[in-house]
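*Asks:* Residue numbers (the working numbering): 22 to 261.
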Amino acid sequence: MPVSKSFLFYLDNKETLEDLSDEQLGMLLRYLIDYAETGNTQKIKDPYVQIAYKFMTAQMRRDMEKYEQKCRKNAENARKGGAPKGNQNAVKGKTTENNRTVDKTTETSERLKKQPKQPYTDTNTDTDTDKDKDTDKDKDTDMISSSTSKKSPKPPRHRYGEYQHVRLTEAQYQKLAEAFGEAVIREYIQKIDEWQEARGLKSYKNYALVIRQWMRRDGITERSGQHDKYAGTAAAEGFI
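1. Note the first and the last residue of the continuous alpha helix (DSSP H) segment covering Y228.
2. Comparing C-alpha positions only, which one of T78, K35, I210 sits nearest to R51?
3. Whether or not the segment 174–188 and the segment 201–212 are in contact is what I'm after, with contact meaning three or more pairs of Cβ atoms, one per stretch, closer than 8 angstroms; do they touch?
4. Hey, V205 and I241 are a contact pair by Cβ (cut 8 angstroms); roughly how many whole angstroms apart?
5. Quick check: what's the CA-CA separation for D1 versus Q63?
6. Among F28, G47, T37, which residue has its Cα nearest to the Cα of Y88?
7. Is A73 near L32, with beta carbons less than 8 angstroms apart?
8. Hey, out of K172, S224, F201, whose CA is closest to R178's CA?
9. Does the Cβ of A229 have 16 or more other Cβ atoms within 10 Å, making it buried, or fewer, making it exposed?
10. If you compare alpha carbons, which of K91, L53, N98, N95 is closest to M81?
11. Under the three-state reduction of DSSP, which class applies to R188: helix, strand or coil?
12. Quick one: grab the DSSP three-state call for D147.
13. Which residues in the same chain have their Cβ closer than 7 angstroms to the Cβ of A96, if we skip the five residues on either side of it in sequence?
14. Using the rule of at least 16 other Cβ atoms within 10 Å of the residue's Cβ for burial, across every protein chain shown, is Q195 buried or exposed?
15. So E243 packs on A198, CB below 8 angstroms; how close in whole Å?
16. With which residues is Y56 paired in a DSSP beta bridge?
17. Leaving out the 5 sequence neighbours to the left and right, which residues in its chain are closer than 8 angstroms to Y69 when beta-carbon positions are compared?
18. When we look at the beta-carbon of L189 and count the other beta-carbons within 10 Å, is it buried (16 or more) or exposed?
Structure follows, in structure tokens:
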């Protein structure tokens with residue numbers, strides 16, 4: 022191993038050195054310096070110092086071998102006549118073609134001079150047109166979003182029946198009462214409410230349609246303008 026002016030100390034060796042005393046550490050350091058200067062290994066009597074010495078000299082040997090390989094590679098590149106490819110020390114902007122040096126910067130400028138000049142075009146008109154189109158699109162989007170946000174809320178549905186399963190809006194209830202009579206509507210609300218409670222069924226989406234289907238199944242048709250004697254009593258009895 023050739024002579025070295027320095028050597029690296031790795032923190033990975035800290036665990037190996039934790040059990041050594043200060044005296045042992047001093048002894049180890051002297052042996053490591055001697056190894057770095059001469060490359061000669063020594064047999065140490067202290068077994069703990071000897072173990073640490075073997076580990077650390079082995080690492081020093083590997084570091085020195087890597088350093089020698091790097092030196093040989095640099096020397097080989099120097100013999101080949103220049104810095105290796107990708108080296109920042111290489112001449113920038115020049116290349117060799119057919120044993121002559123070509124300045125790429127000069128070559129590029131000459132090529133640009135030979136190109137025909139492009140006619141001047143005014144881009145202000147196109148830019149203004151694009152701005153107008155974008156403004157119109159923004160206005161249209163704002164109008165659509167504002168009209169969508171002003172939708173009227175759905176009317177509330179009131180609960181009917183003893184178990185409060187049947188839900189109808191006021192308009193749905195009045196329309197059914199006018200078409201079939203309030204007494205008939207109250208009867209079918211009670212039937213559907215009890216039937217749903219007994220079976221533990223979930224609510225329907227449209228109870229007005231369910232009532233009409235039940236009455237159609239039973240053969241009940243809309244009345245033709247007859248006065249209902251029960252009209253107006255639902256609210257008084259707490260049915261609504």
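No residue lacks a Cβ here, since even glycine has one placed at the ideal position from N, Cα and C.
*Replies:* On the basis of the supplied data:
1. For the purposes of this step, residue 228 is identified with residue 207 of the sequence shown, where counting begins at 1. Segment 228–238, the alpha helix (DSSP H) holding Y228.
2. Numbered from its first residue, the sequence shown carries residue 51 at position 30. Measuring from the Cα of R51, the nearest candidate turns out to be T78.
3. yes
4. Along the sequence shown, read from residue 1 onward, the residue named residue 205 stands at position 184. Along the sequence shown, read from residue 1 onward, the residue named residue 241 stands at position 220. Confirmed, Cβ separation roughly 7 angstroms.
5. With the chain covering 22 to 261 only, the question about residue 1 has no answer from this structure.
6. Position 67 of the sequence shown, counted from the start, is the residue given in the question as residue 88. For the residues F28, G47, T37, the minimum Cα distance to Y88 belongs to F28.
7. Within the sequence shown, numbered from 1, the residue matching residue 73 stands at position 52. Within the sequence shown, numbered from 1, the residue matching residue 32 stands at position 11. Their beta carbons are not under 8 angstroms apart, which means A73 does not touch L32 by this criterion.
8. Reading the sequence shown from its first residue, position 157 is the one you call residue 178. The shortest Cα separation from R178 among K172, S224, F201 belongs to S224.
9. By one-based count along the sequence shown, residue 229 stands at place 208. The residue is buried, with at least 16 neighbouring Cβ atoms inside 10 Å.
10. What you label residue 81 is simply residue 60 of the sequence shown in a count that begins at 1. Closest option to M81, Cα to Cα, is L53.
11. As a first step, residue 188 is located in the sequence shown; it is residue number 167 there, counting from the start. Three-state result, R188: strand.
12. As a first step, residue 147 must be located in the sequence shown, where it is residue number 126. Interpretation of D147 is limited by its pLDDT of 48, a score under 50 that renders its predicted location unreliable; the figure taken from the coordinates is listed afterwards. It is helical.
13. Position 75 of the sequence shown, counted from the start, is the residue given in the question as residue 96. Cβ neighbours of A96 beyond the five flanking positions: none.
14. Counted from its first residue, the sequence shown places residue 195 at position 174. Q195 comes out exposed.
15. Indexing the sequence shown from 1 puts residue 243 at position 222. Indexing the sequence shown from 1 puts residue 198 at position 177. No, E243 and A198 are not in contact; Cβ-Cβ is about 11 angstroms, not under 8 angstroms.
16. The count along the sequence shown starts at 1 and reaches residue 56 at position 35. Bridge partners of Y56: none, in fact.
17. In the sequence shown, the residue the question calls residue 69 occupies position 48. Result list for Y69: D40, L41, Q45, in chain order.
18. Numbered from 1 along the sequence shown, position 168 holds the residue referred to as residue 189. That one is buried.
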